[in-house]
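Reviewing the structure listed below.
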Amino acid sequence: MRKSLNLNTNLALFCSVITFITLLKSCRSSVSTSLNDDVLGLIVFKADIIDPNENLSSWNEDDDNPCNWKGVLCNPRSNRVSELNLDNFALSGKISRGLLQLQSLRKLVLSRNNISGIFSPSLIRLPNLRTLDLSENSFSGVFSPDFFQQCGPLRTVNLAHNNFSGPIPDSLSSCVALSVLNLSKNMFSGGLPSGIYGLHGLRTLDLSNNMLSGVIPKGLDGLYNLRALDLSRNRLSGSVPNDIGECSLLKSLDFSGNLLSGDLPVSLLNLSFVGNVNLRGNSFSGSVPKWIGRMRGIETLDLSDNNFIGILPVSIGNLRSLKVLNLTLNGLSGTLPESMAECSNLRVIDFRQNTLTGELPQWIFKVGLQEILLSENKFSGKIDSSVSLAEDVVYNSLQVLDLSDNVLAGGIPTLLSKFSNLELLSLSKNSLTGTIPKTVGELKALTVLDLSENKLSGSIPSEIGGATSLREMILEKNLISGNIPTSLEHCSSLSLLDLSHNSLKGPIPLALSKLDELQVVDLSFNDLSGSLPKQLANLQRLLSFNISHNNLQGELPGGFFNTISPTSVSGNPALCGSATKRSCATVLPKPIVLNPNSSGEIVTGSSLPPQLARKRNILSISALIAIGAAAIIVIGVIAITVLNLRVKASTSNSTAALALSNGDDYSRSSNDANSGKLVIFSGESEFSAGTHALLNKDCELGRGGFGAVYRTVLQNGRPVAIKKLTVSSLVKSQEDFEREVKKLGKIRHPNLVSLEGYYWTTSLQLLIYEFVSGGSLYKHLHEGPGGNFLSWNERFNIILGMAKGLSHLHQLNVIHYNLKSSNILIGESGEPKVGDFGLARLLPMLDRYILSSKIQSALGYMAPEFACRTVKITEKCDVYGFGVLALEVVTGKRPVEYMDDDVVVLCDMVRGALEEGKVEECIDERLQGKFPADEAIPVIKLGLICTSQVPSNRPDMREVVNILELIRCPSEGQEES
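Numbers -29 to -1, 1 to 948, taken from mature numbering (1 follows the signal peptide of the UniProt record, and there is no 0), label the letters of the sequence shown in order.
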């Protein structure tokens, strides 16, 4: 229906244009032909544009003059259209050739819309065009080598944040008048185009956030007018060329997020005007050069996430204009130089994750810093001394103070309360002692307070309720005692409260039920008592509420607590409710009591007449006898069952018992045929000694090429999935097996199923995984009941999540080999988790027969190179499997469908439909049109590219993630059901 309406609309507009042209030819008016060309061109352009907000409603083909139309500006002398500015008009559709009629157009701005399609280079060749801004749209395509061949007088070209791909053409050298070139946030690949080096008038060059690779060639000296150079977030390698110093007018230099290495070139000293230098996220090495102190005009210096070592030079104190200094994630040692006290404009220092030592320098509290980030170093001494001894402390500037994960000692200084604008205070993972100062409550702007993992004692001061802006309060793993203060009810923004692993006593205060923003609460491992306030059930935002290992009693509140994890309430023997697996005692009528001193009188707890009371007494005695008999029978049945189970366990060698312990390794005697080595990677306390999990056939979740998977619930209520490997004859030796499994156990990603441990004997190998409750993707796509299917947003997020998980694996040089929808699990929140990855590494050799028969058992997912022994198996075989999965998710069809007299291969079917222009017919019919075509069709095309027969034609998974994120359009937030 929508297509026919659009067609009718376009036909009507076309007829109007024809009529308009006819009228123009037949009438003799004073309006010039050139002006009519402008009206005609804009109307033709509008015909191909979708305008949901009717921003172009003033564009009327009956007008003789477009100069009053919205977004149109004319030259007052010639009355020709000189500027078309449709920025952020919510337009979509495609650009027609109508704009070519605007021969006097000097500025074309279509930014921040959703216009798509292939962009024609003919627009660049408009004779008077000076500014072209198509940024933040959905244009795509590859530029031809002569794309910029006739760019004329263009001064500004901004094509940022689109879907352009391929190499940047060298024909850019023809744009000799170009001053601004922004091609950032696209998918351009290849090396830096040599054509840019001849653009002597270029002032701004932004090629960031692409996939450019190779070295930065010499020739930067030709860009001597550059003010801003941004090549960040590409794949550029090698060193920074020395001729960077020839760009002497540079004010901003950003090479961050690349693969650059070597030392910093001393020619950077020639950049006397530079204010911003960002080289973070590369592999620069050596020490921070002493000459850095001669770059007097620099305001922001970011050398974080590199390989710098040694001591920070004293010359850094000469940078009097410096405002932000970031050297986090390096290998710096020694102390912070006192000369930095001379950096009077310094506002942010970030030295996290280094090995800096010594006491905190007093100057950090004197120069007016806004952010002090020194976590994960080896600073020692007392904070109190650094603050109290410092003269002329600037109290009103500091907003962030992070000194966590050092070896600081002493107490928390009360003077901290004078930092009235402090928003974040993190002193966790130190050796601080004493009490929490009452003055903390005076920090009215404080949003995050983290004092965890210290040796703090005393009680939580009631004055803490004065910190009314608190959103996170983390005091876990201290020696804090006393009650939870009721004054917390004044911290109405509190969303995270962690008081676990302390010695708190008393009840959980009713005040917590008044904190409507609470999401995560952890009160575990304390000595809390009493019952939980029923009003806690009214908290609507709760995600987690851990009260395990206390002395709480009574019934759990309703609401969220009806679905709470059993591990969150364990260790409270007197607590009852469904999560505890203990029912709460009901209120019974008062018992009937027989008076032994009377032959006929009946004493009751009520005012029943004697006749009714006597009858009730007889029934009660009968009931007691029946209950007693039933109890004896039940006990007998249980005893016999236990004996049978013991006999069965002692005679069966196929059932493995796992004893999970707190340690890293647990080994039983090798004399037992079923004994072996159990390793739990996390060593978490929830794996308690004596817990047993049996591989019960009734708990089998499924079987695959590597073996069967079972669901097991541990004693603490935590479920895990156990894979019993059935390829023992092919598995490596114990040493090799353990080495490979431990590597896999270190891999953690939200879209990967975590391997939590393993069990080894010569005849039995088990892998212990996290349990993912939502079932497999195969089940959701092909086994769900009618009407219960995945929405488009859910499908897209599954595809994107799978891509991110695989991309992470490939970054770690892990190939999956076994991609299929039954190996993709769906979590409680609908997030996909890729499972069974890396199991091929457990085999002694990557033999193709073994891989194809044991692993790639699902027909349709296997890359064609498996059939050719001369082609190397790489990550591209996973890309092929991902492409098939993407098509499976979008179409709802299996990779191979067996018909009565035919076999349909999904990739071939979709590719044929695309060639015939019927690709939308392939989309799962259950979606019933509830999907955005401008997302679904690009995803299908991406899937077909990924399933190319030639491995080199397939993108890598990082590129796939980037493409998917670019495909995501404004319909992202709409939830179809």
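Backbone N, C-alpha and C define an ideal beta-carbon position, used for all residues, glycine too.
Query: By alpha-carbon positions, which one of Phe279, Val245 and Leu239 ends up nearest to Asn253?; Result: Phe279
Query: Which same chain residues, not among the five before or five after Ala482, have their C-beta less than 7 Å away from its C-beta?; Result: Thr457, Leu459 and Glu460
Query: What do you reckon, are the CB atoms on Asn722 and Met158 nearer than 8 Å?; Result: no
Query: Go through its chain and collect everything with a Cβ distance to Ser500's Cβ below 6 Å, but skip five positions before and after it.; Result: Asn522
Query: Going residue by residue through the region 197 to 241, where are the continuous beta strand (DSSP E) segments of at least 3 residues, counting only ones entirely within it?; Result: 199 to 201, 206 to 209, 223 to 225 and 230 to 233
Query: Any chance the region 407 to 425 sits against the region 376 to 394, with 3 or more Cβ pairs inside 8 Å?; Result: yes
Query: For Gly453, which residues from the same chain have a beta carbon less than 8 Å from its beta carbon, with the 5 sequence-adjacent residues on both sides left out?; Result: Gly429, Ser430, Ile431, Leu475, Lys476 and Gly477
Query: Excluding five sequence neighbours on each side, which residues of the same chain lie with their C-beta closer than 7 Å to the C-beta of Tyr749?; Result: Ser792 and Ser793
Query: Are there any heavy atoms of the ligand NAP lying less than 7 Å away from the beta-carbon of Leu915, as far as the coordinates show?; Result: Summarising the ligand content, the structure contains no ligands, and the ligand NAP is consequently not present.
Query: Take the Cβ of Ile938 as the centre, count every other Cβ of all protein chains shown within 10 Å, and call the residue buried at 16 or more, exposed below.; Result: buried
Query: Please report the distance separating the alpha-carbon of Asp225 from that of Ser203.; Result: 6 Å
Query: Can you name, in chain order, every residue of its own chain whose Cβ lies under 6 Å from the Cβ of Glu930, other than the five neighbours on each side?; Result: none
Query: Can you name the residues that DSSP bridges to Ala692?; Result: Arg682 and Tyr740
Query: Would you mind reading off the limits of the alpha helix (DSSP H) that contains Thr862?; Result: Lys847 to Thr862
Query: For Asn425, which residues from the same chain have a beta carbon less than 6 Å from its beta carbon, with the 5 sequence-adjacent residues on both sides left out?; Result: Asn401, Leu403 and Asn449
Query: Within its chain, find whatever has a CB closer than 7 Å to the CB of Glu526; leave out the 5 residues flanking it on each side and keep chain order.; Result: Cys547, Gly548 and Cys555
Query: Asp19 and Lys65 - do their beta-carbons sit closer together than 8 Å?; Result: yes
Query: Quick one: measure Cβ to Cβ for Ser471 and Ser495, integer angstroms, because I've assumed they're closer than 8 Å.; Result: 4 Å
Query: Which first and last residues belong to the alpha helix (DSSP H) in which Glu447 is found?; Result: That residue, Glu447, is in no alpha helix (DSSP H); it is neither H nor E in DSSP.
Query: What are the partner residues of Ser87, as DSSP defines its beta bridges?; Result: Lys65 and Ser109
Query: Using the Cα positions of Gln120 and Asp141, report the straight-line distance between them to the nearest angstrom.; Result: 9 Å
Query: So Phe652 packs on Ala692, CB below 8 Å; how close in whole Å?; Result: With a Cβ gap of about 15 Å, Phe652 and Ala692 do not count as contacting.
Query: With which residues is Ser49 paired in a DSSP beta bridge?; Result: None, per the DSSP bridge assignment.
Query: Please report how far the alpha carbon of Gly193 lies from the alpha carbon of Glu891, in whole angstroms.; Result: 50 Å
Query: Mind checking which residues open and close the beta strand (DSSP E) that includes Glu342?; Result: Glu342 to Leu344
Query: Under 6 Å Cβ to Cβ from Asp177, same chain only, skipping five residues before and after it: list those, please.; Result: Asn153, Ser155 and Asp201
Query: From Leu221 to Gly162, what distance separates their C-alpha atoms?; Result: 22 Å
Query: In the DSSP assignment, the beta strand (DSSP E) including Asp905 goes from what residue to what residue?; Result: Not the beta strand (DSSP E): Asp905 falls in the alpha helix (DSSP H), residues Ala904 to Cys917.
Query: So Met833 is in the alpha helix (DSSP H); what residue range does that whole segment cover?; Result: Here Met833 belongs to no alpha helix (DSSP H), and DSSP marks it neither H nor E.
Query: Looking at the strands, I want to know which residues DSSP matches up with Cys547.; Result: Glu526
Query: If we count the other Cβ atoms within 10 Å of its Cβ and call it buried at 16 or more, is Asn543 buried or exposed?; Result: buried
Query: By the 10 Å Cβ neighbour count, where 16 or more other Cβ atoms means buried, how is Glu936 classified, buried or exposed?; Result: exposed
Query: Which residues in the same chain have their Cβ closer than 6 Å to the Cβ of Gly281, if we skip the five residues on either side of it in sequence?; Result: Ser258
Query: What does DSSP give as the partner residues of Glu868 in its beta bridges?; Result: Val875
Query: So for Leu937, helix, strand or coil by DSSP?; Result: helix
Query: Provide the residue(s) that pair with Ser20 in DSSP beta bridges, ordered along the chain.; Result: The sequence given here has Ile at residue 20, not Ser. Bridge partners of Ile20: Gly64.
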